[in-house]
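A.B. asks: Sharing a structure here in structure tokens format.
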Amino acid sequence: MSFQTGLSGLNASSKNLDVIGNNIANANTTGMKSSRAEFSDIVASSLGASSGNQAGIGVSIAAISQQFTQGNINITGNSLDVAINGGGFFQETMPDGSFAYTRAGDFKLDSSGFIKTNSGGKLMGYPTTNAGVRTSSTLAPLQLPTGAPIAASKTTTIAAQFNLPAGAPIAATAVPPTPRSTYGTSLTAFDSQGTAVPASMYFVKTGANTWDVYDKLDDPLAVPPVVGAVITSLTFNASGQLSPVPPVATTIINLPDPATSPPLPAPPTTFSATIDFTGATQFGTGFSVSNLTQDGYTSGELTKVNIGESGAVTATYSNGKTQTAGQVALMNFRNVQGLRPVGSNNWIETSDSGQPVQGVPGIGKFGALRSGALEESNVDLTAELVNMMTAQRNYQANAQTIKTQDQVMSTLVNLR
5 MSFQTGLSGL NASSKNLDVI GNNIANANTT GMKSSRAEFS DIVASSLGAS SGNQAGIGVS
65 IAAISQQFTQ GNINITGNSL DVAINGGGFF QETMPDGSFA YTRAGDFKLD SSGFIKTNSG
125 GKLMGYPTTN AGVRTSSTLA PLQLPTGAPI AASKTTTIAA QFNLPAGAPI AATAVPPTPR
185 STYGTSLTAF DSQGTAVPAS MYFVKTGANT WDVYDKLDDP LAVPPVVGAV ITSLTFNASG
245 QLSPVPPVAT TIINLPDPAT SPPLPAPPTT FSATIDFTGA TQFGTGFSVS NLTQDGYTSG
305 ELTKVNIGES GAVTATYSNG KTQTAGQVAL MNFRNVQGLR PVGSNNWIET SDSGQPVQGV
365 PGIGKFGALR SGALEESNVD LTAELVNMMT AQRNYQANAQ TIKTQDQVMS TLVNLR
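With the sequence shown counted from 1, adding 4 to any position gets you the numbering used here.
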């Protein structure tokens, strides 16, 4: 019996060394979780034997459990590297359509714009609008428009915040008359094809606390002649605020539309945009513009991708626009120890793990994401080397048990 007991100890120690060796080999593997061998004794069972007289007949490996402790966060600077600081797993759709789960966030973009893992799985997330509003709770592969530029968008709204000088004379009664170009500003707007067109505003004082807003300067020498039109009038109260305050975006300005304009000398066609003047003031300081924005843009190529702490995937384009292309989802399980490792830093769901529960990074039990970083292996190399020495001595001790039993048997055989 001692031979079998010693042999079981050798087998168990050998498997323990295999587990320790695997941990050491993966000390630099991103998202790796260490394992440990858990032993259980084997007890002889015979009919009518009392439990107090039963002898152990060896040892076996009861389980190889995974240790899902947090690994160190290593800053890489790569915007597509993402570490999970806390609980949860990334979900990926493998090439065969099955689902896998990983802690390794070293993602890549393929030629079709999908965010993929090194094993070829597509990262799953929630679809969103360009503004980041989630549109569905059904997960889908996250994809960025890398194959073609994003389409241009026509200017529809202009916001202007400025101060007009309260001490300015009425333009028509000033000597000499105040030119229309004295108080003006402009910005670049865009037509439906992304062609830049100027949007100008000129302010002419017509009375106490009253100003007319023109869309352009007069140019009688142009063919055809250009005549500025009044697009609105602004009236201010004694406190320098608009009176009454107009609703947002009530003023209409007509801008040239190169996309639909006929050839010269025919007059160009125009498109309309609304202007929000609610931030305008009239104080005793000089004329100044504090904010001037519009919502149009030309086409643009993808230049950068970033994943935020909440999982929002934002894409930056060459035209300066930033759009949200989805939100990374995280998965967790009732029993993470029940997940089955399948290699390539992936685990799959089993009946022991239970079904995945999806959530948003940073909410509840789900960890926050750290962009430009990777989670290192949680293997403690020093502890593993100590464990390896202990396992080696255990192996030697079991071998000595077999050697001693062999000597006993040899003594019995040689009796005369």
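Glycine included, C-beta positions come from ideal geometry on N, C-alpha and C.
Please go through the segment 336–411 and give each complete beta strand (DSSP E) segment of 3 or more residues, from N-terminal end onward.
C.D. replies: Qualifying beta strand (DSSP E) stretches, in chain order: 344–347, 350–352, 361–363, 372–375, 377–379.
A.B. asks: Does the contact criterion of 3 or more C-beta pairs under 8 Å hold for the segment 289–305 versus the segment 318–326?
C.D. replies: yes
A.B. asks: Taking the C-alpha atoms as reference points, what is the distance between Gly129 and Leu343?
C.D. replies: The residue labelled residue 129 in the question sits at position 125 within the sequence shown. The residue labelled residue 343 in the question sits at position 339 within the sequence shown. Distance between the alpha carbons of Gly129 and Leu343: 21 Å.
A.B. asks: Is Asn82 helix, strand or coil when you go by DSSP?
C.D. replies: As a working mapping, residue 82 is identified with position 78 in the sequence shown. Looking at Asn82 - three-state DSSP - the assignment turns out to be coil, as it is neither helix nor strand.
A.B. asks: Would you mind giving the Cβ-Cβ distance between Pro422 and Phe118, rounded to the nearest angstrom? I have them listed as a contact below 8 Å.
C.D. replies: This structure gives no information on residue 422, because the portion of the chain shown stretches from 5 to 420.
A.B. asks: Tell me which residues share the same chain as Met392 and place their Cβ nearer than 6 Å to its Cβ, disregarding the 5 neighbours each side in the sequence.
C.D. replies: Taking the sequence shown and counting its residues from 1, the one referred to as residue 392 is at position 388. Closer than 6 Å at the Cβ level, and outside the excluded window around Met392, lie Ile24.
A.B. asks: Ordered along the chain, which non-local residues of its own chain (more than five positions away) have a Cβ less than 8 Å from that of Ser83?
C.D. replies: Position 79 of the sequence shown, counted from the first residue, corresponds to residue 83. The residues are Lys308, Val309, Asn310, Ile311, Ser375, Gly376.
A.B. asks: Counting only the same chain and skipping the five closest in sequence on each side, list residues whose C-beta sits under 6 Å from that of Ala253.
C.D. replies: For the purposes of this step, residue 253 is taken as residue 249 along the sequence shown, with counting starting at 1. Confidence at Ala253 is low in this model, with a pLDDT of 48, below 50, so the placement of that residue should be treated as unreliable; the coordinate-derived value is given next. The answer, listed in chain order, is Thr161, Thr278, Asp280.
A.B. asks: So is Ile367 buried or exposed if we call it buried at 16+ other beta carbons inside 10 Å?
C.D. replies: Taking the first residue of the sequence shown as position 1, residue 367 is located at position 363. With fewer than 16 other Cβ atoms within 10 Å, it is exposed.
A.B. asks: Short of 6 Å in beta carbon distance, which residues of its chain neighbour Thr33, apart from the five on each side in sequence? Order them along the chain.
C.D. replies: The residue labelled residue 33 in the question sits at position 29 within the sequence shown. Contacts found: Ser381.
A.B. asks: Between Val293 and the rest of its own chain, which residues show a CB-CB distance below 7 Å, the 5 nearest in sequence each way excluded?
C.D. replies: By one-based count along the sequence shown, residue 293 stands at place 289. So the list reads Phe166, Thr189, once near-sequence residues are dropped.
A.B. asks: Could you pull out every residue in the same chain whose Cβ sits closer than 7 Å to the Cβ of Phe287, ignoring the five residues on either side in sequence?
C.D. replies: For the purposes of this step, residue 287 is identified with residue 283 of the sequence shown, where counting begins at 1. Taken in chain order, the residues that qualify are Asn167, Ala170, Gly244.
A.B. asks: Val227 to Ala176, Cα distance in whole Å?
C.D. replies: To locate residue 227, count along the sequence shown from 1; it is residue 223. To locate residue 176, count along the sequence shown from 1; it is residue 172. Taking the straight line from one Cα to the other gives about 27 Å.
A.B. asks: Below 7 Å CB to CB, which residues in the same chain sit around Asn78 once its five sequence neighbours on both sides are set aside?
C.D. replies: In the sequence shown, counting from the first residue as 1, residue 78 sits at position 74. So the list reads Ala377, Leu378, Glu380, once near-sequence residues are dropped.
A.B. asks: Using 7 Å as the threshold, is the C-beta distance between Gly282 and Pro260 below it?
C.D. replies: Reading the sequence shown from its first residue, position 278 is the one you call residue 282. Reading the sequence shown from its first residue, position 256 is the one you call residue 260. For the record, residue 282 in the displayed sequence is Thr; it is not Gly. No, these two residues do not count as a Cβ contact at 7 Å.
A.B. asks: For Val293, which of helix, strand or coil comes out of DSSP?
C.D. replies: For the purposes of this step, residue 293 is taken as residue 289 along the sequence shown, with counting starting at 1. It is a strand residue.
A.B. asks: Does the distance from the CB of Met335 to the CB of Pro365 come in under 7 Å?
C.D. replies: As a working note, residue 335 is residue 331 in the sequence shown. As a working note, residue 365 is residue 361 in the sequence shown. Contact flag unset, no.
A.B. asks: Measuring CB atoms only, is the segment 202–213 touching the segment 181–188, in the sense that at least three cross pairs come out at less than 8 Å?
C.D. replies: yes
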